[in-house]
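Residue numbers (the numbering used here): 68 to 325.
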């Protein structure tokens, strides 16, 4: 398996075997490219292109993007040579990453650029269907308490005040994307599949609300577990993704089997 940046600080690319397709992967709030580490071992022939945004992971000391517009503009510049290749591609985003994946897709459509074979949204309700929230504007203590409640930040980070203070700007930047997202694009025309955790707290009406701005009809799939089934049920998620990629390539699922 190869795992490399290939000159772009934004993109960590990994693959096993000859590349036949690509999948751009966007992590949850506070996550980095390591969320998708070793995914290519389960998806032979798929190049995983994992996003490492400023303020995250190996770029923790860099200033994070001020808003989703700056984030997407910078990311699309880095993606241009990747998406220009002949191989088909998919977009996957988990939680906050799903909002960014949706926004990227809207921008590609507006540009008349090549579109993904499928948009895979994970653990995220449509942001236009939920109650207004302003998590990113909480004071430090309230924001840290929120991180503990969400259980997505490693305990060792939560226990290290100095490290947590270092990471707070990047975390706030991520949460601000969800807090202030306002979709101004026409309806998105792309095949879309939504994963959700059976024990997650996302209301059904928020999950179904993706259908308001996406055609054709959105499909849905329940995963065992809560919001972080991306880790807790990793193998099951990758097996499902493998089947979807295989169908998209009109090949046997056995080619991409776990």
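All C-beta atoms in this analysis are idealised placements derived from N, C-alpha and C, irrespective of residue type, glycine included. Given the structure is predicted, the values throughout are model-derived calculations rather than measurements.
Proximity to residue i [Cα-Cα], best of the options
i	options	result
residue 199	241, 212, 246	246
residue 305	277, 286, 262, 215	262
residue 137	285, 286, 244, 162	244
residue 141	267, 76, 252, 311	76
residue 80	166, 154, 100	100
residue 135	155, 251, 91	251
residue 93	111, 146, 84, 130	146
residue 195	273, 121, 144, 182	273
residue 177	165, 256, 288	256
residue 64	116, 131, 270, 207	Since the first residue of the chain shown is 68 and the last is 325, residue 64 is not available in this structure.
residue 285	293, 275, 292, 291	275
residue 98	182, 240, 289	240
residue 182	297, 143, 302, 288	143
residue 258	118, 151, 173, 231	173
residue 201	248, 222, 217	248
residue 271	289, 281, 283, 179	289
residue 128	210, 232, 224	232
residue 165	126, 299, 209, 118	118
residue 292	283, 309, 116, 269	269
residue 282	254, 312, 266	254
residue 287	225, 299, 307	307
residue 149	116, 203, 125	116
residue 122	106, 107, 108, 96	96
Opposing strand residues paired with residue i [DSSP bridges]
i	result
residue 220	In DSSP, residue 220 forms no bridge with anything.
residue 138	Per DSSP, none; premise fails for residue 138.
residue 113	88
residue 118	78
residue 189	161, 262
Assumed close pair residue i, residue j - CB separation to whole angstroms, cut-off 8 Å
i	j	result
residue 113	residue 82	7 Å
residue 277	residue 193	5 Å
residue 175	residue 139	The Cβ separation is near 10 Å, so there is no contact.
residue 205	residue 214	Wrong, their Cβ atoms sit about 10 Å apart, outside the cutoff.
residue 184	residue 315	4 Å
residue 151	residue 132	Actually they are not in contact, since the Cβ atoms of residue 151 and residue 132 sit about 23 Å apart, beyond 8 Å.
residue 295	residue 219	6 Å
residue 78	residue 312	Actually they are not in contact, since the Cβ atoms of residue 78 and residue 312 sit about 19 Å apart, beyond 8 Å.
As assigned by DSSP and simplified to three states, the class of residue i
i	result
residue 401	Not covered by the structure: residue 401. The range shown for the chain is 68 to 325.
residue 306	helix
residue 280	coil
residue 156	strand
residue 285	coil
residue 161	strand
residue 75	coil
residue 264	strand
residue 128	coil
residue 290	strand
residue 233	helix
residue 93	strand
residue 206	coil
residue 316	coil
residue 245	helix
residue 195	helix
residue 178	helix
residue 200	coil
residue 104	coil
8 Å Cβ cutoff, residue i in contact with chain C
i	result
residue 116	Absent here is chain C; the protein component of the structure consists of one chain.
The region 230-238 in contact with the region 257-273 per 3-pair CB rule at 8 Å
no
Taking 8 Å as the threshold, find out whether the region 156-163 comes into contact with the region 183-199 through three or more Cβ pairs.
yes
Does the region 85-93 come close enough to the region 143-159 that 3 or more CB-CB pairs lie under 8 Å?
yes
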